[in-house]
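I have placed the structure first, in the form of structure tokens, so that the comments after it can refer back to it.
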Amino acid sequence: MTNVSVRCLKGLLALACMVAASAADATLPIQQWRTTSGARVLFVETHDLPMLDLAVDFPAGASRDNADTSGTASLTLGLMRSGAAALGEDEISERLASIGAEMSGRFDMDRAGYGLRTLSSARERDEALGLLAAVLQKPTFPQKIFEREQQRTLAGLREGETRPEVLADREFRHLLYGGHPYSQRGSGEAETVAKIRREGLVDFYRRYFNAADAVVSIIGDITRSEAGAIAEQLTAGLSRRSEPLPSLPPVAQLKTAQVSRIAHPATQAHILIGQPGIKRLDPDYFPLFLGNYVLGGGGFASRLNEEIRQKRGYAYSAYSYFNPLALEGPFQIAVQTKKDTTEDALKVAQDTLAKFVAQGPTPQELDAAKQNIIGGFPLRIDSNRKILDYLSIIGFYRLPLTYLDDFPVQIERVTLEQIKDAWSRRIRPERMATVVVAGADSH
Amino acid sequence: MLTTPFPIRSVFVALTLLCASAAAFAAPVAQRTLANGMTVIVKEDHRSPVAVSMVWYRVGSMDEVSGTTGVAHMLEHMMFKGTKKMPVGEFSRTIARAGGRENAFTSRDYTAFYQQLHKSKLALALELEADRMVNLSLAEEEFAKESKVVMEERRSRTDDDPHSQLHEQLMATIYISHPYRSPVIGWMNDLQNMQLADARGWYEKWYAPNNATLVVAGDVEADEVLKLAEKFFGVIPARVLPQRKIQTEPKQFGIKRIVVKAPAELPYLVMAYHAPVLRDVENDREPYALFVLNGILDGSDASRLNRELVRKSRVADSANSSYDLINRGPALFFLDGVPAEGKTVADVEAALREQIRILVDQGVSDEELQRVKAQVTASQVYARDSVYYQAMRIGMLQTIGLPFDSSDLQVKKLQEVTAEQVREVARKYLIDDNLTVAVLDPQSLPGGKRPRPNAEGVGRDQR
Numbered sequence: 002m003t004n005v006s007v008r009c010l011k012g013l014l015a016l017a018c019m020v021a022a023s024a025a026d027a028t029l030p031i032q033q034w035r036t037t038s039g040a041r042v043l044f045v046e047t048h049d050l051p052m053l054d055l056a057v058d059f060p061a062g063a064s065r066d067n068a069d070t071s072g073t074a075s076l077t078l079g080l081m082r083s084g085a086a087a088l089g090e091d092e093i094s095e096r097l098a099s100i101g102a103e104m105s106g107r108f109d110m111d112r113a114g115y116g117l118r119t120l121s122s123a124r125e126r127d128e129a130l131g132l133l134a135a136v137l138q139k140p141t142f143p144q145k146i147f148e149r150e151q152q153r154t155l156a157g158l159r160e161g162e163t164r165p166e167v168l169a170d171r172e173f174r175h176l177l178y179g180g181h182p183y184s185q186r187g188s189g190e191a192e193t194v195a196k197i198r199r200e201g202l203v204d205f206y207r208r209y210f211n212a213a214d215a216v217v218s219i220i221g222d223i224t225r226s227e228a229g230a231i232a233e234q235l236t237a238g239l240s241r242r243s244e245p246l247p248s249l250p251p252v253a254q255l256k257t258a259q260v261s262r263i264a265h266p267a268t269q270a271h272i273l274i275g276q277p278g279i280k281r282l283d284p285d286y287f288p289l290f291l292g293n294y295v296l297g298g299g300g301f302a303s304r305l306n307e308e309i310r311q312k313r314g315y316a317y318s319a320y321s322y323f324n325p326l327a328l329e330g331p332f333q334i335a336v337q338t339k340k341d342t343t344e345d346a347l348k349v350a351q352d353t354l355a356k357f358v359a360q361g362p363t364p365q366e367l368d369a370a371k372q373n374i375i376g377g378f379p380l381r382i383d384s385n386r387k388i389l390d391y392l393s394i395i396g397f398y399r400l401p402l403t404y405l406d407d408f409p410v411q412i413e414r415v416t417l418e419q420i421k422d423a424w425s426r427r428i429r430p431e432r433m434a435t436v437v438v439a440g441a442d443s444h
Numbered sequence: 023m024l025t026t027p028f029p030i031r032s033v034f035v036a037l038t039l040l041c042a043s044a045a046a047f048a049a050p051v052a053q054r055t056l057a058n059g060m061t062v063i064v065k066e067d068h069r070s071p072v073a074v075s076m077v078w079y080r081v082g083s084m085d086e087v088s089g090t091t092g093v094a095h096m097l098e099h100m101m102f103k104g105t106k107k108m109p110v111g112e113f114s115r116t117i118a119r120a121g122g123r124e125n126a127f128t129s130r131d132y133t134a135f136y137q138q139l140h141k142s143k144l145a146l147a148l149e150l151e152a153d154r155m156v157n158l159s160l161a162e163e164e165f166a167k168e169s170k171v172v173m174e175e176r177r178s179r180t181d182d183d184p185h186s187q188l189h190e191q192l193m194a195t196i197y198i199s200h201p202y203r204s205p206v207i208g209w210m211n212d213l214q215n216m217q218l219a220d221a222r223g224w225y226e227k228w229y230a231p232n233n234a235t236l237v238v239a240g241d242v243e244a245d246e247v248l249k250l251a252e253k254f255f256g257v258i259p260a261r262v263l264p265q266r267k268i269q270t271e272p273k274q275f276g277i278k279r280i281v282v283k284a285p286a287e288l289p290y291l292v293m294a295y296h297a298p299v300l301r302d303v304e305n306d307r308e309p310y311a312l313f314v315l316n317g318i319l320d321g322s323d324a325s326r327l328n329r330e331l332v333r334k335s336r337v338a339d340s341a342n343s344s345y346d347l348i349n350r351g352p353a354l355f356f357l358d359g360v361p362a363e364g365k366t367v368a369d370v371e372a373a374l375r376e377q378i379r380i381l382v383d384q385g386v387s388d389e390e391l392q393r394v395k396a397q398v399t400a401s402q403v404y405a406r407d408s409v410y411y412q413a414m415r416i417g418m419l420q421t422i423g424l425p426f427d428s429s430d431l432q433v434k435k436l437q438e439v440t441a442e443q444v445r446e447v448a449r450k451y452l453i454d455d456n457l458t459v460a461v462l463d464p465q466s467l468p469g470g471k472r473p474r475p476n477a478e479g480v481g482r483d484q485r
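So, in structure tokens, the structure goes:
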């Protein structure tokens, strides 16, 4: 399959390539349709293993929280499996366990939903899907369980107050996104979670778990017609949205550098540097993504790792990444180093970034980055679980169905100039948000 | 990378590991021993055009001696620092340019190195892996830098993580003689005083083909792989391995308790019981019963600890159990929990003990037993979705000293466990004379309040 793309790239037999690019020979023959309720479905049929993986996602992630009741989105999702239709919490768990099925919440800034892994044999599959259908469409949000989960969330938040990595992350979001919803932690804050009431969950569920916004991703040992019936079963009872989904406010870039230092007795300093980064559908996606491999995404092959770890022994982990979201998700550099080397490591990270933005990668680095990402492409889709995650992303962010086929082609096309241009326009070393959690006396 | 010396937290993961190669037997597995004593195992899986190559050395932190703890893991790091043929960093760069991913892990029982790549690049991985089995450079300058890196790793994994610290102290209390008492990453003192000669000695002693297993899984042909293995590894001469002494932990004569103070908000309690480990896949009974017992206590949301302690009585915010069925050394059965608001570690301990009492008095229900068995069966299928885990499982079993193809049999034996056997192992092993209890005593941060960004740092100033 990758071979098809590569052959096409080399311009062999244009006509044959057009034929080859048809669904039958595509990397992944993804089938897409909408349910009668309007939900989007993406399906890959594969009978290699007698199992089924699926996920149903909604635009109900942490960014949908109100600032003063943040944590609602996460609690809503968590509570859905704690009571649905006539089923109680224990019954749902016991029934899932008795067929060896796994149902798990999926949650990030943009998305919330449930994933299901089950055997594809009729007894297990039907039972598992029945449970998921109830959880998605008829959650009851029991008051007592709500109170319990609220308490557990608050305890977790209190514990987090003592952890340097948690403090660093919270402050970093705050600096990057100010009052924007992307500044909110999925867990919420102690003050906001304390304010949440059960009714808030019910309301959140009604508002954001709608059929028209649902994305159903399916891969496994079933036929197209079975997948069709399953998608109907999982979405027919979802509510129909009466008003348009509210759009998120735009993300503002930082106008100045922002530095925040938090004292903590940990033996290591936690350093985060970054700014709002890229969207899923971003014209600069590929130059920024490929460039980041060279800067800090390519493990031992990356400059941050080379400069901070391999040359100087300052850190075990030193890397950078983009987290592309519906809007500009974070670009982040992260380093942990012992207190004595905090300032040195911070400076090396800043210098490495500044130099990369100013000069871009070398031709050799670009070549190595392309070879890794293109050559390693099959590793991104070598299991049903990995493919399921791509189906969800493609469906949720409305990426083209050929996204995976196009991916290596898009990478191959990126030029050195495009990387330099995109990085210099989009990434501003002189306007970074920097968080350093370190420096209090040791315990 | 480092494999946690502590039990895998989720039984589902454990089940997945347990079952990976059982499921694998749908497709052929080839095994051969080269003339130099190296074992080669190939698991074909043609679903995707990828391959994973792993070399497992039967040496881990349990083979270390006092004063040089952490050397097994240190050597793992040094394996990336160049050979006579490949300069520093070139190994990783070469694998990366081939589109590969690579890493390594060290545990108490083994050290393993792996590459995941397109199937056409397999030969490259084998060639490089064979090269560093014998030609490692081990330069002083690289060693000096890498030991700093490892100390940072220790700070991040253990020193700044209260639960890890607790577990480290707990292990050193449970075992008074067995090497499992020392952390895989090593005590900080030993890392600070480690010499290049220590790493070199380790390499020369243990990195030999007759102490290694090559596992290749993926879209490969077994014959081809065996030929490549012969070509690259077959030429490396065998070495006389050091004698391995049997180390049996002396009997415990009563309950042991420790307290660990660390910056944290919530207290935490761990109870660890000595328990038998799987040695004879065919004839052992108790380890399988303990595995099922663990599933009944903490196999899923439907299991007892979560249901009773977290959901029903609200004594705990979390409650878990775990059991490490497969080890070169001895095994433990763990129970742990974080008290809920207004509850104490004593309350959690009492509630965990009450669960043991109920188990022993009343046994387990058929439904509970069937749920655990259903999960084992399903996990066996799910594990086949990952070529990596299939290779992982084969390598682990072989290196631990169990038949690499015994997963099927293990799954069968688990299905045979009876309610009475589960009750019996609970009665026999979850007793005070086997028990060590560790408690995390949380210390508030300096100043006694939440850290906040300091005034002068928060400035939204231009840099």
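Here the protein sequences line up with chains A and B, keeping their order.
Quick note: the first sequence, position 36, residue 37 per the working numbering, numbers continuous.
Quick note: the second sequence, position 19, residue 41 per the working numbering, numbers continuous.
All C-beta atoms in this analysis are idealised placements derived from N, C-alpha and C, irrespective of residue type, glycine included.
Note that this is a predicted model, so its numbers are computed, not measured.
**Study point:** Endpoints, the beta strand (DSSP E) within which asparagine 125 (chain B) is located
**Key:** 123-128
Exercise for review: Grab the span of the beta strand (DSSP E) containing arginine 107 (chain A) for me, first residue to last.
Suggested key: 103-108
Q.
Is it buried or exposed, glutamine 384 (chain B), if we count other Cβ atoms within 10 angstroms and call 16 or more buried?
A. exposed
For aspartate 91 (chain A), go through chain B and note every residue whose CB falls closer than 8 Å to its CB, in chain order. Ala324, Arg329, Arg333
Report task. Look at leucine 88 (chain A) and alanine 129 (chain A) and say whether their C-beta atoms are less than 8 Å apart. Result -> no
| query | Does alanine 22 (chain A) have its Cβ less than 8 Å from a Cβ in chain B? | reply | With a pLDDT of only 34 at alanine 22 (chain A), under 50, the local geometry of the prediction cannot be trusted, and the value read off the model is given with reservation. Chain B, which has no Cβ nearer than 8 Å to the Cβ of alanine 22 (chain A), makes this no.
For this session: Report the option in B:Met84, B:Lys435, B:Val459, B:Gln420 whose CA atom is closest to the CA atom of threonine 55 (chain B).
Result: B:Gln420
So, does the region 59-67 of chain B touch the region 91-104 of chain B, judging by three or more C-beta pairs under 8 Å?
no
Measuring only the C-alpha atoms, how far is arginine 153 (chain A) from arginine 118 (chain A)?
27 Å
Could you spell out the range, first to last residue, of the beta strand (DSSP E) harbouring phenylalanine 323 (chain A)?
319-323
- Query: Could one say the Cβ of isoleucine 428 (chain A) lies closer than 8 Å to chain B's Cβ atoms, at least one of them?
  - Reply: no
Subject >> Any C-beta of chain A under 8 Å from that of serine 387 (chain B) >> reply: no
According to DSSP, is valine 480 (chain B) part of a helix, a strand, or is it coil?
Because the pLDDT of valine 480 (chain B) is 32, which lies under 50, any placement of that residue in the model is unreliable, and the number read from its coordinates should be weighed accordingly. Three-state result, valine 480 (chain B): helix.
- Which one of B:Glu446, B:Asp320, B:Gly364 has the shortest CA to CA distance from alanine 98 (chain A)? B:Asp320
Name the chain B residues that come within less than 7 Å of leucine 380 (chain A), Cβ to Cβ? Val72, Arg123, Gln138
Checklist entry - When the distance is taken between beta carbons, is alanine 341 (chain B) closer than 8 Å to valine 382 (chain B)? => result no
Check: Any beta-carbon of chain A closer than 8 Å to the one on alanine 46 (chain B)?
Finding: Confidence at alanine 46 (chain B) is low in this model, with a pLDDT of 40, below 50, so its placement is unreliable and the value that follows should be read with caution. Chain A contact via Cβ: absent.
**proline 362 (chain A) vs glycine 297 (chain A) beta-carbon contact at 8 Å** = no
Item checked: Residue interval of the alpha helix (DSSP H) (run including leucine 374 (chain B)) -> 367-384
Mind checking if glutamate 329 (chain A) is an interface residue toward chain B, Cβ cutoff 8 Å exclusive? no
*Which stretch, first to last residue, makes up the alpha helix (DSSP H) that contains aspartate 368 (chain A)?*
364-376
Fill in: 7 Å CB neighbourhood of threonine 70 (chain A) in its chain, flanking five on each side removed
Thr193, Lys196, Ile197, Gly201
task = Run the proximity test for glutamine 437 (chain B): is its beta-carbon closer than 7 Å to any non-hydrogen atom belonging to the ligand ATP?
result = In the structure shown, the ligand ATP is absent, as is every other ligand, since no ligand is present at all.
Inset, instruction - Compare the C-beta of glutamine 384 (chain B) against all C-beta atoms of chain A and say whether one is closer than 8 Å. - result: no
- Looking only at C-alpha atoms, which of A:Pro165, A:Glu166, A:Glu190, A:Val42 sits nearest to glutamine 151 (chain A)? A:Glu190
| First and last residue of the beta strand (DSSP E) that includes arginine 399 (chain A)? | Neither: arginine 399 (chain A) is in no beta strand (DSSP E) and is coded neither H nor E.
Asparagine 349 (chain B) versus leucine 158 (chain B) - alpha carbon distance: 29 Å
_Once the 5 residues before and after leucine 452 (chain B) are set aside, which same chain residues still bring their CB inside 6 Å of it?_
Tyr295, Ile378
Q) Over what stretch of residues does the beta strand (DSSP E) that includes histidine 271 (chain A) continue unbroken? A) 269-277
Hey, is leucine 50 (chain A)'s beta-carbon within less than 8 Å of any beta-carbon in chain B?
yes
| said: Could you give the first and the last residue of the continuous beta strand (DSSP E) run that contains tryptophan 34 (chain A)? | reply: 32-35
**Asked** Would you say alanine 156 (chain A) and glutamate 363 (chain B) are within 8 Å of each other, going by their C-beta atoms?
**Response** yes
Does the beta carbon of tyrosine 404 (chain B) sit closer than 8 Å to a beta carbon anywhere in chain A?
-> yes
Self-check item: Reference glycine 417 (chain A); option with closest CA among A:Phe210, A:Ala359, A:Leu76
Solution: The identity of residue 417 (chain A) in the sequence shown is leucine, whereas the question assumes glycine. Among A:Phe210, A:Ala359, A:Leu76, the Cα nearest to that of leucine 417 (chain A) is on A:Ala359.
Notebook entry, point to check: Under a CB-based cut-off of 8 Å, is leucine 120 (chain A) close to chain B?
Noted result: yes
inquiry  = So, with DSSP's three-state summary, where would you put isoleucine 263 (chain A)?
reply    = strand
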